Amino acid sequence: MFGIHTILEDALNRKKDVILAGNFYDFNPGMIGQDTSYGVLLPNRGKNIFKAVPNSKRGIQIEGLVNSMDWITSADGSTNLVVVKNNERVKNEIKHQFMKINKQLFYSVIFLTTFLSSAQKSETTDQIDLKNWKAVKAENQRHWSVVDNVVIGGDGVENIPRNTYLYSDKEYENFEFRCLFRITGDHGKGLINSGIQYRSIIKDNKIIGYQADIGKGYWGDIYDEHRRGKLVGGELGTLKHILNEEGWNSYIIRCIGNKHVTYINGVKTAEYIEKDPNIPSKGVIGIQLHSGGNAKVEFKHITITEL
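Numbering (full-length UniProt numbering), first residue to last: 1 to 307.
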């Protein structure tokens, strides 16, 4: 919980108050794509006293009052951990003990900071500006901006009359896309939705291709924009417990050959095998701002790693 391979156990009644949250990407620089199972504290259990029991078998046990939980993700998106906010004494003790367990995994303080790790052949948010990412239709460029390395679509006030997309010039075939994203807006006034386009083509002022969906009622779906529609629905069984619907979440899209796998907050949400040989296996990556509402979408820590 406070690092990899950790179990949270209730120190008062010895009950393990965790759920197994599917396959998480192992935080191990250079081991992109290796899956490891993690335990995740349910966010609605209230305040309890827990102790962290590392699976390293070193016997380190740390007790503290759990006040809340939050996500910390590396600067390149390669880490998806759930951490617990405790009092400062417990935070410092946990940081000290886990740095001793495997200090080469950590480059900075593990609480309330981001991790830094290496990624080969990746584009970072520092490279994402309006020079190498552009709107599908030039007149829709006004809906997009980059502020403090955060890509922003919409303003949360103006109703979007038609779907608009920001996309990269470069095409990708086998890759791993990672980002943090946030979507906000008034659901009472219309559809609040977004998505990440990939292996897409631009034709007749339209973007055509796969989309990893974002938004209430569509979380984790894999959709084929302007072509075949919904391909597979997102699995929300575990995700619904840890999804922050109006806050920051992480997204991973991994494509190799005809296999597509998506993760939200480290939880595997969808897998799709493309069986149609006529569908392009290479294309641009883009971000959607959906019409029909006053959505505002934000993306940061975007990395695209060619595999």
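Beta carbons are placed, not taken as given, at the ideal position from N, Cα and C, and that holds for glycine. In this text the structure is predicted, and so the values were computed from the model without any measurement.
1) Rounded to whole angstroms, what is the Cα-Cα separation between Val157 and Ile196?
2) May I ask you to report which of helix, strand or coil DSSP gives Met139?
3) Anyone know if the C-beta pair for Val136 and Tyr165 falls short of 7 Å?
4) Nearest-angstrom Cα distance between Lys203 and Gly293?
5) Can you tell me where the alpha helix (DSSP H) with Ile242 in it begins and where it stops?
6) Between the alpha carbons of Glu235 and His290, how many angstroms are there, rounded?
7) May I ask you to verify whether the stretch 250–260 touches the stretch 268–279, counting CB pairs closer than 8 Å and requiring at least 3?
8) Assign Asp221 to one of two classes, buried (16 or more other C-beta atoms within 10 Å of its C-beta) or exposed (fewer than that).
9) Taking buried to mean at least 16 other C-beta atoms within 10 Å of its own C-beta, is Gly237 buried or exposed?
10) Can you tell me which of the three DSSP states Gly229 falls into?
11) Whose C-beta lies closer than 8 Å to the C-beta of Asn174 among residues of the same chain, with five residues either side of it excluded?
12) In terms of residues, what are the limits of the beta strand (DSSP E) holding Gly154?
13) Between the C-alpha atoms of Ile264 and His301, what's the straight-line distance to the nearest angstrom?
14) Return the chain-ordered list of same chain residues with a C-beta closer than 6 Å to the C-beta of Gln211, the five sequence neighbours on each side being excluded.
15) Evaluate Asp213 with the Cβ neighbour count: other Cβ atoms within 10 Å of its Cβ, from every protein chain shown; 16 or more gives buried, anything less gives exposed.
16) Whose CA, out of Gly215, Asn132, Asn244 and Ile201, lies closest to the CA of Arg227?
17) Considering only C-alpha positions, which residue in the set Ile252, Glu271, Lys282 and Lys296 is nearest to Glu176?
18) Check for me: the beta strand (DSSP E) holding His290 runs from which residue to which?
19) From Pro280 to Ile208, what distance separates their C-alpha atoms?
20) Among Asp169, Asn159, Lys134 and Lys170, which one has its Cα closest to the Cα of His187?
21) How about Arg295 and Gly185: are their beta carbons less than 7 Å apart?
22) Let me check one thing: in DSSP terms, what residues is Asn249 bridge-paired to?
23) Whole angstroms are fine: how far does the CA of Glu139 sit from the CA of Arg182?
On the basis of the supplied data:
1) Distance between the alpha carbons of Val157 and Ile196 is about 22 Å.
2) The residue you asked about is not Met; residue 139 is Glu in the sequence shown. Under the three-state reduction of DSSP, Glu139 is assigned to helix.
3) Result yes, Cβ atoms of Val136 and Tyr165 sit closer than 7 Å.
4) A straight line joining the alpha-carbon of Lys203 with that of Gly293 spans about 25 Å.
5) Counting along the chain, the alpha helix (DSSP H) containing Ile242 begins and ends at Leu239 to Ile242.
6) Approximately 22 Å, taken between the alpha carbons.
7) The stretch 250–260 vs the stretch 268–279: in contact.
8) If you draw a 10 Å sphere on the C-beta of Asp221, you find 16 or more other C-beta atoms in it, and that means buried.
9) By the 10 Å Cβ count, Gly237 comes out exposed.
10) Three-state DSSP puts Gly229 in a strand.
11) Around Asn174: Cys255, Ile256, Gly257, Glu306 and Leu307.
12) No beta strand (DSSP E) holds Gly154; DSSP gives it neither H nor E.
13) Taking the straight line joining both Cα atoms gives about 15 Å.
14) Excluding five sequence positions before and after Gln211, the CB atoms of its chain that fall closer than 6 Å to its own CB belong to Gly195, Gln197, Tyr223 and Glu225, given in chain order.
15) Buried: at least 16 other Cβ atoms inside 10 Å.
16) When each option's Cα is compared against that of Arg227, the closest is Ile201.
17) The candidate whose alpha carbon is nearest that of Glu176 is Ile252.
18) No beta strand (DSSP E) contains His290, which DSSP labels as neither H nor E.
19) For Pro280 and Ile208, the distance between alpha carbons rounds to 10 Å.
20) When Asp169, Asn159, Lys134 and Lys170 are compared, the shortest CA-CA separation from His187 is found for Asn159.
21) As written in the sequence, residue 295 is Ala, which differs from the Arg given in the question. Gly185 sits close to Ala295, with the two beta carbons spaced by under 7 Å.
22) Its beta-bridge partners are Phe181.
23) Between Arg182 and Glu139, the C-alpha separation is close to 24 Å.
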